[in-house]
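Worksheet: the structure to be examined is printed underneath.
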Amino acid sequence: MRLFPTYAAAIAALMLTAGCSQRPGLKDSALTEDGRYRVTWWKTPPNPIKANSYFELFVEVEDLKTDKDPSDFRFNATMPSHRHGMNTVASPWRFKRDAWILRDLNLHMPGEWVMTFDVTDHNGVLHRASETVILE
Amino acid sequence: MLAPTLLLLCVTQADSLGRWVSTHNELGGVHAVAAMADAGDVAVLNADTGIVRLGLGPEAESIDLSYSLHRPKGLAIARDGRIYVTDTGQHRVMYFGSDGRMLGGFGGPGTGPYRMRQPHAIDVSDTITVVADTGHDRIQLFEPGGKHIRNLEGASLGLRGPEGVAIDDDGRIWVADTHNHRVVCLDQHGSVLQNIGSWGTFPGQFMEPSGIDARDGRIVVADRLNHRVQVLDADTGEFLESWGQHAVFPRQGAGKVHYPADAALLSGGDVVIAEPFEERVQRFGRGGSEITPPTLAPRGVQSHFGPVAATDGRFFCTWEPELRAIHLFDLDRTTPLRLSTFGEPGGAAGQLGVLTAIEVDADRNRIWAVDAGNRRIHEWTINPPPPDQPRFDPTMAALSRSAPLPHAGPGDLARIDGDLARIDGDLIYLDRAGATAWKLSDAAQHAPIEIQLSRDPIAVVLAGTDQAGQRRAAILDAEDKAIRLHGQWRDAASTEATISLSALIDPVDLAVSQDGSFIVVDRAGHRVHRFAIDGAALNAWGERGSDHGQFWRPAAVVVDHHNRVIVLDHGNHRAQMFEPDGTWLMTFGTGRAWTRKPDPATANKEAN
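So the protein lines, in turn, are chains A and B. Residue numbering for the first sequence follows my numbering, starting at 1 and increasing by one per position. Residue numbering for the second sequence follows my numbering, starting at 1001 and increasing by one per position.
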């Protein structure tokens, strides 16, 4: 059991020291369905994601309409065709007010996965961004 | 070791309570059963009529308590013969003498310590009276005379919509914590003594446990969505046995259990269960016969469509409580084609508790659902295929937003029933328990609508325009059995007119056809009625049964963009489609559909 996320922690450390300009890992982003938030994430190797390989995510959330911080963030990944999710539990660690680190993520089966990024605002409204990943 | 094992099995089966003794039909919407004073027989509450039947035998006395009840749900009989009923529609408890004379009541609507919101169950002992205050997510304790003692509630207890409560021989309180899918044992100060089960189908797990009773060291639970009865040990919480299985054929009894709502333990160990869907009770016990397992594949559509439905454009939505999933159909096919099924049980984002209303917008490709179990309103964006390329896609709907339900004040978060409608571009939520209409906002800044509502508004629909050209809403009032038309909806909605539905037994949903007439389903009457806007009865169709054109406790109605009436035939696990004049068009579910045979003359003409 690691006490601290390793690779994603390195990203976080780089952000602190290098002014956020250079971050290792594969970058991607998505808007929540209602356009309120932009979610950007950096993923640790292997790239692309392989079935049954652990990876970590560094996630930034940008509020495009207000300057308020999100009150909560959650990540999940499911296989809609099989009606199940991951075998691991993603526990986000809030690294700073708009950034989270997720570790021990594992998409354990080949097939179509949907990754969901749930941002909760201060009114308790949850806004979802999602990304489909196909693993061979 | 084989012989002792077989012997043990034989002994276990012979000792089982789950042996079928008798089935008692034609009892109406039997929502509650309670052991009578001597615990040798049961009293049965017909929630449709407010009549309590004392005993199951042919000589049993029936007492009409409807004069002071509206939507009664729970029943208990005290040792002195007093009859206690939870009056869900008026948020109170009423008690009566054994002759039916009203003796008193307590509770009432509101949020105070002894106020109630849709109390579903009650149990009485010599020293305390316990009420499942379902809408407030709590248990209330009273002295036998009705003086409030305390509430068992709070975040640490975490009850969600408890629908069953029982006092055991040691004074402990057993709760069917329905929306948490568990059974909880509490002491009289609210400390948790046992916490049993979670969502699931394995022994010891539950899917919406709704009724519970305790006697002689046993706990019996009506495990509603698993269509079974489970028996637990009162001291250890250990699972002892379960029985019941979903019927193969409609109305099948003799041990087949269908949505049990309540259970009662008798002094001899027999168990009696109430099945409002089947309008019957069944008795089980050691002296009964073994339940024959079904040997044939299920016949018919067999889709566990829930009691909510919506349509817009080519879409039709409903949900399946057993799966905690929403079905999306394309209506512009020869028979409705299922495009997607999405959702799963749970309390996390995108997971579903209990849906009490659903709405769909074909222009914006949106679906909304009121999730009373999770106290939220979810919104999905759908990405449908082109009309000429239909296909099933489980990823078609993506959750876009999920907001807390509106609430009227602190401590008043429970919303266990309601309806949704789109009126003039606004999403309107009708809170049945709170008798309030809300205009929902994307940012959860929901605004109440200034409108005079009765105590039990159950459905709201857009009903054309008023004389001033403004939108008009029609609201179905279940208490007064009436449709109220509210004009000037945008400003301060005023009541224009009222259409009486007094001839109906249990009107539960409302739709508007393209000619402006109202379609109303009468659940207990197993019938659909159509009224003109001036209140004139135009036509009615249906009767109790399972054939095409017949209904079994229909629960919802919508009119699609082809002006076809779609009735959710809840008790038959299917939907049926009609012309507004009542002509049957088809019956459909998630897998199969039946249509009329083509008219030979029409078919020949088309062939030529």
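For each residue, glycine too, the CB sits at the ideal point set by N, CA and C.
Residue from the options with nearest C-alpha to residue i
i: THR1023/B; options: GLU1275/B, ILE1475/B, VAL1165/B, LEU1440/B; result: GLU1275/B
i: VAL89/A; options: ALA99/A, PHE117/A, ASP98/A, LEU105/A; result: LEU105/A
i: VAL1272/B; options: ARG1553/B, GLU1543/B, GLY1018/B, ARG1592/B; result: GLY1018/B
i: ALA1155/B; options: SER1191/B, VAL1130/B, LYS1481/B; result: SER1191/B
i: ALA1474/B; options: GLY1516/B, ARG1455/B, PRO1448/B, GLN1445/B; result: GLY1516/B
i: MET1036/B; options: ASP1048/B, PRO1072/B, ASP1080/B; result: ASP1080/B
i: ARG169/A; options: LEU107/A, SER81/A, ARG94/A, ASN52/A; result: Residue 169/A falls outside the range modelled here, since chain A spans only 1 to 136, and no answer is possible.
i: ILE1505/B; options: PRO1404/B, HIS1529/B, VAL1512/B; result: HIS1529/B
i: ASP1015/B; options: SER1289/B, PRO1144/B, ALA1261/B; result: SER1289/B
i: ALA1034/B; options: LEU1462/B, SER1267/B, PHE1202/B; result: SER1267/B
i: LEU1501/B; options: GLY1204/B, ALA1047/B, ALA1482/B; result: ALA1482/B
i: GLY1100/B; options: GLY1089/B, ILE1083/B, MET1116/B; result: ILE1083/B
i: GLN1252/B; options: HIS1227/B, PHE1239/B, LEU1240/B; result: HIS1227/B
i: TYR1114/B; options: ALA1132/B, THR1127/B, ASP1126/B; result: ALA1132/B
i: HIS1031/B; options: PHE1096/B, ILE1063/B, GLY1074/B, ALA1039/B; result: GLY1074/B
i: ILE101/A; options: LEU107/A, VAL59/A, SER71/A; result: VAL59/A
i: ILE1219/B; options: HIS1570/B, PHE1239/B, THR1201/B; result: PHE1239/B
Range covered by the beta strand (DSSP E) that runs through residue i
i: LEU1538/B; result: 1537-1541
i: MET1094/B; result: 1092-1096
i: MET115/A; result: 111-120
i: ILE1291/B; result: Element bounds for ILE1291/B: n/a, residue is neither H nor E.
i: HIS1320/B; result: Note on residue identity: the sequence assigns Glu, not His, to residue 1320/B. Start and end: 1315-1320.
i: ARG103/A; result: 99-106
i: MET1207/B; result: Segment: none, MET1207/B is in no beta strand (DSSP E) and carries neither H nor E.
i: LEU1576/B; result: Strictly speaking, residue 1576/B in this sequence is Gln, with Leu absent from that position. 1574-1578 is the extent of the beta strand (DSSP E) around GLN1576/B.
i: SER1340/B; result: 1337-1342
i: ASP63/A; result: 54-63
i: LYS96/A; result: 93-96
i: ASP1123/B; result: 1121-1124
i: TYR37/A; result: 37-43
i: THR1311/B; result: 1309-1312
Under the three-state DSSP convention, the category residue i falls into
i: TYR1084/B; result: strand
i: SER1068/B; result: helix
i: GLY1545/B; result: coil
i: LEU1476/B; result: strand
i: THR132/A; result: strand
i: LEU1485/B; result: strand
i: ASP1361/B; result: strand
i: ASP1426/B; result: strand
i: ARG1224/B; result: helix
i: HIS1561/B; result: coil
i: ASN1025/B; result: coil
i: PHE4/A; result: Confidence in PHE4/A is poor, its pLDDT being 46 and thus under 50, which makes the residue's placement too unreliable to answer from.
i: PRO1004/B; result: Residue confidence is low: PRO1004/B scores 44 on pLDDT, short of 50, so the model does not pin down where it sits. Its coordinate-derived value is still stated next. Helix, per DSSP.
i: ASP1015/B; result: helix
i: HIS1181/B; result: coil
Nonlocal neighbours in the same chain, by C-beta distance under 6 Å from residue i, ignoring five residues either side
i: LYS50/A; result: none
i: ALA1254/B; result: TRP1020
i: HIS1548/B; result: TRP1584, THR1587
i: ARG1401/B; result: GLU1379
Cβ-based neighbour list, residue i, same chain, cut-off 7 Å, excluding 5 preceding and 5 following
i: LEU1069/B; result: GLY1050, VAL1085, ASP1087, MET1094
i: ASP206/A; result: The requested residue 206/A is not part of the displayed model; chain A covers only 1 to 136.
i: VAL1308/B; result: THR1318, TRP1319, LEU1355, THR1356, ALA1357, ILE1358, ALA1556
i: ALA1394/B; result: The sequence given here places Pro at residue 1394/B; Ala does not occur at that position. Cβ within range, chain order: SER1340, THR1341, PHE1342.
i: LEU1225/B; result: MET1207, GLU1208, PRO1321, GLU1322
i: THR1590/B; result: SER1303, HIS1327, ARG1338
Rounded Cβ spacing between residue i and residue j (contact assumed at less than 8 Å)
i: ASP1123/B; j: ALA1060/B; result: 22 Å between Cβ atoms; not a contact.
i: ASN1374/B; j: GLY1353/B; result: 4 Å
i: LYS65/A; j: ARG38/A; result: Contact doesn't hold; Cβ gap of about 11 Å is too wide.
i: ALA1437/B; j: ILE1428/B; result: 6 Å
i: PRO1554/B; j: LEU1568/B; result: 6 Å
i: ARG1432/B; j: ILE1458/B; result: 6 Å
i: ILE1519/B; j: VAL1565/B; result: 6 Å
Cβ neighbours of residue i in the same chain (closer than 8 Å, five flanking residues each side left out)
i: VAL1221/B; result: GLY1164, ALA1176, VAL1183, PHE1206, PRO1209, GLY1211, ILE1212, VAL1229, GLN1230, VAL1231, LEU1232, ALA1263
i: THR1335/B; result: MET1586, PHE1588, ALA1593, THR1595
i: ASP1235/B; result: GLY1217
i: MET79/A; result: GLY85, MET109, GLY111, GLU112, TRP113, VAL114
i: GLY1055/B; result: MET1036, ASP1041, VAL1042, ALA1043, GLU1061
i: SER29/A; result: ARG38, VAL39, THR40, TRP41
i: GLU1543/B; result: HIS1526, ARG1527, GLN1550, PHE1551
Short CB-CB distance (under 8 Å) between residue i and chain E
i: LEU126/A; result: Among the protein chains of the structure shown, namely A and B, there is no chain E.
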